[in-house]
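Visitor: First the structure, which I've put down as structure tokens, then a few questions once you've had a look.
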Amino acid sequence: MTRQRVPMLFFAAVLLAAGCSTAGPADPPSQPPPAATTAAGAGTPGTGPATTPSGPAASTDPPDPASPGPGVRDYRVTWNWGVPSEPVHVDNKVRLPVVPPPGPPLPLLVEVRVGDHPDEDFTRITFAFRNGTPGYQISYVPQVTTVGSGDPVKLPGNAFVYIEFNPAQAHDEQGRSSIVSSPDPRLGHPTLRGYGSAGDYEGYVSYGLGLQVPAGSDHALPIRALQLTRPDGTRIVAVDVRRR
101 MTRQRVPMLF FAAVLLAAGC STAGPADPPS QPPPAATTAA GAGTPGTGPA
151 TTPSGPAAST DPPDPASPGP GVRDYRVTWN WGVPSEPVHV DNKVRLPVVP
201 PPGPPLPLLV EVRVGDHPDE DFTRITFAFR NGTPGYQISY VPQVTTVGSG
251 DPVKLPGNAF VYIEFNPAQA HDEQGRSSIV SSPDPRLGHP TLRGYGSAGD
301 YEGYVSYGLG LQVPAGSDHA LPIRALQLTR PDGTRIVAVD VRRR
């Protein structure tokens, strides 16, 4: 079992559907409304050099018919369609603690959703946080391992994407999971076959995606990353995977 604890540094400082889900609100739009956030620095450890996008990348895809309507804020595409050769590293400003004690000092993961968009040729997984949008890193890896223990995460498919959020936590003050809604880890979509937790450890929350990649594709599919704020203030980070 992965240890769940927040680093002493954060306690010393103390003393976001989004997804077009099988249940719940619809996906974020594919075209951004006017408001946008700015990127800023908070490092995360990775397996290689990181690339920090210089600004929002406008999507060339048609508008998403599952648009949630007015009220969405801070929409930006942080990695437009492509296969990253290095980890994609997106920084977001987070002032700690995000809420006064005894509340959780870090952005809190509360929901995971997955939705399939066959008309737009992608499947989306979304991560919903309260009290801020953490920085995150996304990369293709040979194998997803659990943060802290190094144990392999069992995922279906033949290609794997690693997603790491920092600073973030996925547990409450009693160490219990803060996630109130999530789909079955075995998804069975055409290319996004499953997902799994890779750790909630010392301010890092990690997940792995298991993809089924067609023969001749060099074990990689184009992905896209975006973030926004729902009308209720929940912060969303979404990763889209091409369906073919």
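For the sequence shown, my numbering assigns the number 101 to the initial residue and increments by one for each residue that follows.
Glycine included, every Cβ here is placed at the ideal spot set by N, Cα and C.
#1: I need the straight-line Cα distance from F227 to L287, nearest angstrom please.
#2: My guess is that V339 and G308 are in contact by the Cβ rule of under 8 Å, so how many angstroms apart are they, rounded?
#3: Looking at C-alpha atoms only, which residue of S249, S277, P285, G275 is the closest neighbour of G257?
#4: Would you check if the distance between the CB atom of A268 and the CB atom of P234 is smaller than 8 Å?
#5: Using the DSSP secondary-structure output, state which residues sit across from S211 in a beta bridge.
#6: By a C-beta neighbour count over all protein chains shown, 10 Å radius and 16 as the cutoff for buried, is E273 buried or exposed?
#7: Taking only runs that begin and end inside the region 230-256, name each unbroken beta strand (DSSP E) of 3 or more residues, in chain order.
#8: Based on the DSSP output, what are the partners of Q327 in its beta bridges?
#9: DSSP three-state call for S306: helix, strand or coil?
#10: Could you please give me the residues that DSSP links to N266 through a beta bridge?
#11: Could you please give me the residues that DSSP links to H319 through a beta bridge?
#12: Buried or exposed for Q243, please, with buried defined as at least 16 other CB atoms from any protein chain shown within 10 angstroms of its CB.
#13: Buried or exposed: where does A140 fall if 16 or more other Cβ atoms within 10 Å of its Cβ makes it buried?
#14: Could you spell out the range, first to last residue, of the beta strand (DSSP E) harbouring L292?
Guide: With the structure as the only source:
#1: Residue mapping note: residue 227 aligns to position 127 of the sequence shown, counting from 1. Residue mapping note: residue 287 aligns to position 187 of the sequence shown, counting from 1. Whole-angstrom Cα-Cα distance: 16 Å.
#2: Translated into positions along the sequence shown, residue 339 becomes position 239. Translated into positions along the sequence shown, residue 308 becomes position 208. The pair is not a contact, with the Cβ atoms about 11 Å apart (cut-off 8 Å).
#3: The sequence position of residue 257 within the sequence shown is 157, counting from 1. Ranking S249, S277, P285, G275 by Cα distance to G257 puts P285 first.
#4: The residue given as residue 268 occupies position 168 in the sequence shown. The residue given as residue 234 occupies position 134 in the sequence shown. In this structure, P234 lies closer than 8 Å to A268 by Cβ.
#5: Residue numbering aside, residue 211 sits at position 111 when the sequence shown is read from its first letter. One detail in the question is off: residue 211 reads as Glu in this sequence, not Ser. Partner(s): A228, S281.
#6: Along the sequence shown, one-based indexing puts residue 273 at 173. By the 10 Å Cβ count, E273 comes out exposed.
#7: 235-241
#8: For the purposes of this step, residue 327 is taken as the residue at position 227 of the sequence shown. Bridge partners of Q327: R176, V337.
#9: Translated into positions along the sequence shown, residue 306 becomes position 206. Looking at S306 - three-state DSSP - the assignment turns out to be strand.
#10: In the sequence shown, residue 266 corresponds to position 166, counting from 1. Beta-bridge pairing links N266 to G235.
#11: Here residue 319 corresponds to residue number 219 of the sequence shown, with the count starting at 1. Answer by DSSP bridge pairing: none, since H319 is not bridged.
#12: Within the sequence shown, numbered from 1, the residue matching residue 243 stands at position 143. Exposed, since its Cβ has fewer than 16 Cβ neighbours within 10 Å.
#13: In the sequence shown, the residue the question calls residue 140 occupies position 40. For A140, the predicted structure reports a pLDDT of 31, less than 50, and the residue's modelled location is therefore unreliable. A value from the coordinates is still provided. A140 is exposed by the Cβ-count criterion.
#14: In the sequence shown, counting from the first residue as 1, residue 292 sits at position 192. Here the beta strand (DSSP E) through L292 covers 292-301.
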